[in-house]
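A.B. asks: Dropping a structure here in structure tokens format, bear with me for questions.
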Amino acid sequence: MHTTEHGSAPSSSSSTTPAISHAASSPTLLAWLRSRPLAVTNATYALLYAVDGALLPFLSVFLAYEHGFSASQIGMVLAASSVAGLMAPPILTMLADRHGRAELLFIWVLVASAATLLVFSVVEGYWWLLVVYTAFCLAREPSRPLLDGIFFAAQRRIPALADVSYHRVRIWGTVGYMIPGILLYISLTDDSSLDVLPVIACGLALLGIVVAWFLPTRHVGRTAGSPPSGSGTDQAVRSRSRAGHGGGTSLSEVVRVAGRLLRRPTTVTFLASMFLLQVGQSVYFAFYPLLATDVVGLAPRWLGLVTNVGVIIELAYMAGYGWLVRRLGWRWLMVLGSLAAVARFALLAASPSVAVIVGTQVVHGLVIIGTMVAGRVILDMQAPDEIRHTAQGIYAIVLGGGRMAGAAAGGLVAAASLAAVFWWAAAVGLLAALGMAWALRDEPKPV
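For what it's worth, UniProt numbering labels the leading residue of the sequence shown as 1, then goes sequentially.
Right, dumping it as structure tokens:
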């Protein structure tokens, strides 16, 4: 359907109107899915993060137990794969802003993710595993910023999503992350092999491709209406609509606007703090499983279930996200999330035990809100419409760089002492909290 230059549909009828009306009234599954943009968006987030839930809680133990990797080798695999977080997201998100085809790019990266996971399930040897897992991350890392950008753009184009805050769709990613861990705990025994994990993750990625095909922004014109400004909890909805399909911003304009954003001292400090926080998080995700199995003595099958204790509590934090933002403001929410991460790292370093391994999951949701939810919204609020996807690509660069630094340096420290690597993560996290307090001293507002 063609639109006017302001993004609204012309009043005259077009040749496509009867087809659209017929599709809307048709009882087919296709019409049913297209008429429920929020349900499809939620399902896409759930399946995207389900792939992570099938692999990430077990990855270090999978490499150590199934392939005999040392702590330093695990650190190098994770560091090399994190290079993908510096390369692919900015390129693909800039292409999304330039050509306005974010949904198609998103589907292609899901296809590439599934293909590399299938290869990962059959290769052997340190170098093969390093190369293939890096290829997987090269395909995988752009998926999150692309999907976030698709949703933020859809808020401005589809009335049904205009009042939906980011945390209300991101919470379905949390639900999706939980499910594989629960099912694996039920199906595995203490002596079971973990070599089935990449195959399960591959299957979930394939299912995600099918659902992503029905994302609502694939089936509208340049805009589907003008959503009201400032209607979501995260205040991300603005009155301007933007072209998401069939057109975009010139590459030179994307670079110019992104450069202007990155010249703000507060933005640079905020991103540097997110980098440091991600360094600590990388240490946690890489070496928490080894601490739980090698030091505390848990069987690998318990990892998914223990992790899900934190994920279940994360659901409560997600549900209360809007209240936390209103009560604390963006600044203190981010500072509190950073300090929660510091406390978790310090407890794991000082007193590794079953009680601490499980008990520190209580703050997991607060940490995730800071590292994975609020940070994205804060940057989106500051980003002009011309770089809606590119801003998420910049955020992915920061997170990928932090993961790379944390995994590489953390692997070297962990080879000597797992306790030392968590003390190091706590120190880095404390610096991140101080940076957040300075960068967000003026409450962020949408541009």
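No residue lacks a Cβ here, since even glycine has one placed at the ideal position from N, Cα and C.
Tell me which same chain residues have a C-beta within less than 6 angstroms of the C-beta of A346, skipping the five on either side of it?
C.D. replies: One-based indexing of the sequence shown puts residue 346 at position 346. Excluding residues within five positions, the ones whose Cβ falls inside 6 angstroms are A426.
A.B. asks: Within its chain, find whatever has a CB closer than 6 angstroms to the CB of residue 464; leave out the 5 residues flanking it on each side and keep chain order.
C.D. replies: Within the shown structure, residues of the chain are numbered from 1 to 447, placing residue 464 beyond reach of any answer.
A.B. asks: Please report the straight-line C-alpha distance between L305 and I182, rounded to a whole angstrom.
C.D. replies: Counting from one through the sequence shown, the residue named residue 305 turns up at place 305. Counting from one through the sequence shown, the residue named residue 182 turns up at place 182. Their backbone Cα atoms lie some 6 angstroms apart in a straight line.
A.B. asks: Measure the C-alpha to C-alpha separation of L290 and A114 and round it to an integer number of angstroms.
C.D. replies: By 1-based counting over the sequence shown, the position of residue 290 is 290. By 1-based counting over the sequence shown, the position of residue 114 is 114. Taking the straight line from one Cα to the other gives about 27 angstroms.
A.B. asks: Report the option in D52, P159, E141, R331 whose CA atom is closest to the CA atom of A433.
C.D. replies: By 1-based counting over the sequence shown, the position of residue 433 is 433. Closest option to A433, Cα to Cα, is R331.
A.B. asks: With H, G and I counted as helix, E and B as strand and the rest as coil, what does DSSP make of I158?
C.D. replies: Translated into the one-based positions of the sequence shown, residue 158 becomes position 158. It is coil, neither helix nor strand.
A.B. asks: Report the residue from A419, I313, V279 whose alpha carbon sits nearest the alpha carbon of G406.
C.D. replies: Taking the first residue of the sequence shown as 1, we reach residue 406 at position 406. If we check each option's Cα against that of G406, V279 comes out closest.
A.B. asks: CB-CB under 7 angstroms to P300, same chain, minus the five flanking residues each way: which ones, in chain order?
C.D. replies: Taking the sequence shown and counting its residues from 1, one reaches residue 300 at position 300. F58, V61, Y65, L194, T293.
A.B. asks: What is the rounded straight-line gap between the Cα of L348 and the Cα of V367?
C.D. replies: Sequence index remark: in the sequence shown, residue 348 carries index 348 (1-based). Sequence index remark: in the sequence shown, residue 367 carries index 367 (1-based). C-alpha separation (whole angstroms): 15 angstroms.
A.B. asks: Below 8 angstroms on the Cβ atoms is my guess for F285 versus G401; work out the distance and round it to an integer in Å.
C.D. replies: For the purposes of this step, residue 285 is taken as residue 285 along the sequence shown, with counting starting at 1. For the purposes of this step, residue 401 is taken as residue 401 along the sequence shown, with counting starting at 1. That pair is no contact at about 15 angstroms.
A.B. asks: What is the residue span of the alpha helix (DSSP H) that M372 lies within?
C.D. replies: Taking the first residue of the sequence shown as position 1, residue 372 is located at position 372. Segment: none, M372 is in no alpha helix (DSSP H) and carries neither H nor E.
A.B. asks: Could you tell me whether the Cβ atoms of T307 and G435 are closer together than 8 angstroms?
C.D. replies: Position 307 of the sequence shown holds residue 307. Position 435 of the sequence shown holds residue 435. Cβ atoms of T307 and G435: not closer than 8 angstroms.
A.B. asks: Would you please verify whether the beta carbon of I368 is less than 8 angstroms from any beta carbon of chain D?
C.D. replies: Included in the structure is just one protein chain, with no chain D present.
A.B. asks: Could you tell me whether the Cβ atoms of G393 and T93 are closer together than 8 angstroms?
C.D. replies: Residue 393 sits at position 393 when you count from the first residue of the sequence shown. Residue 93 sits at position 93 when you count from the first residue of the sequence shown. Going by C-beta atoms, G393 is nearer than 8 angstroms to T93.
A.B. asks: Here's the rule: buried if 16 or more other CB atoms are within 10 angstroms of the residue's CB, otherwise exposed. What is V77?
C.D. replies: Here residue 77 corresponds to residue number 77 of the sequence shown, with the count starting at 1. Label assigned to V77: buried.
A.B. asks: Does the separation of the CB atoms of H389 and G149 fall below 8 angstroms?
C.D. replies: Residue 389 sits at position 389 when you count from the first residue of the sequence shown. Residue 149 sits at position 149 when you count from the first residue of the sequence shown. Going by C-beta atoms, H389 is nearer than 8 angstroms to G149.
A.B. asks: List, from N- to C-terminal side, the alpha helix (DSSP H) runs of 4 residues or more that fit wholly inside the segment 126-190.
C.D. replies: Counting whole runs of 4 or more residues, the segment 126-190 contains the alpha helix (DSSP H) stretches 126-140, 143-157, 166-187.
A.B. asks: My output table needs one value for D52: the three-state DSSP class, helix, strand or coil.
C.D. replies: Looking up residue 52 in the sequence shown gives position 52. If DSSP states are grouped into helix, strand and coil, D52 belongs with the helices.
A.B. asks: Apart from the five residues just before and just after V254, which ones in its own chain have a Cβ nearer than 8 angstroms to its Cβ?
C.D. replies: In the sequence shown, residue 254 corresponds to position 254, counting from 1. M94, D97, R98, E386, I387, T390.
A.B. asks: With DSSP collapsed to three states, give me the class of E103.
C.D. replies: Looking up residue 103 in the sequence shown gives position 103. DSSP places E103 in helix when its eight states are reduced to three.
A.B. asks: For V413, I'd like the list of residues in its chain whose CB is within less than 7 angstroms of its CB, leaving aside the five on either flank, ordered along the chain.
C.D. replies: Indexing the sequence shown from 1 puts residue 413 at position 413. Excluding sequence neighbours, V413 sits near A420, V421, W424.
A.B. asks: Buried or exposed: T41, going by 16 or more other Cβ atoms within 10 Å of its Cβ?
C.D. replies: The residue given as residue 41 occupies position 41 in the sequence shown. The residue is buried, with at least 16 neighbouring Cβ atoms inside 10 Å.
A.B. asks: Tell me which residues share the same chain as V428 and place their Cβ nearer than 6 angstroms to its Cβ, disregarding the 5 neighbours each side in the sequence.
C.D. replies: As a first step, residue 428 is located in the sequence shown; it is residue number 428 there, counting from the start. The residues are L276, V279, G280.
A.B. asks: In terms of residue numbering, what span does the alpha helix (DSSP H) encompassing G359 cover?
C.D. replies: Walking along the sequence shown from the start, residue 359 turns up at place 359. Unbroken alpha helix (DSSP H) run through G359: 354-359.
A.B. asks: Which value, in whole angstroms, describes the spacing of the CA atoms of S81 and W108?
C.D. replies: In the sequence shown, the residue the question calls residue 81 occupies position 81. In the sequence shown, the residue the question calls residue 108 occupies position 108. Rounded to the nearest angstrom, the two C-alpha atoms are 19 angstroms apart.
A.B. asks: With a threshold of 6 angstroms on Cβ separation, who are the neighbours of residue 448 within its own chain once the five nearest residues in sequence on each side are excluded?
C.D. replies: Since the first residue of the chain shown is 1 and the last is 447, residue 448 is not available in this structure.
A.B. asks: Less than 8 angstroms between the CB atoms is what I'm expecting for L38 and A160, so what's the real figure, rounded?
C.D. replies: Against the sequence shown, residue 38 aligns to sequence position 38. Against the sequence shown, residue 160 aligns to sequence position 160. That pair is a contact at about 6 angstroms.
A.B. asks: Taking Y185 as the reference, give the member of A343, A54, S353, L262 with the closest Cα.
C.D. replies: Mapped onto the sequence shown, residue 185 falls at position 185. Here the closest residue by C-alpha is A54.
A.B. asks: Given a cut-off of 8 angstroms on the beta-carbon distance, is the pair residue 468 and F106 in contact?
C.D. replies: With the chain covering only 1 through 447, there is no way to say anything about residue 468.
A.B. asks: If you count every other CB in all the chains shown that lies within 10 Å of the CB of R256, and 16 or more means buried, which is it?
C.D. replies: On the sequence shown, residue 256 is found 256 positions in, with the first residue counted as 1. Exposed.
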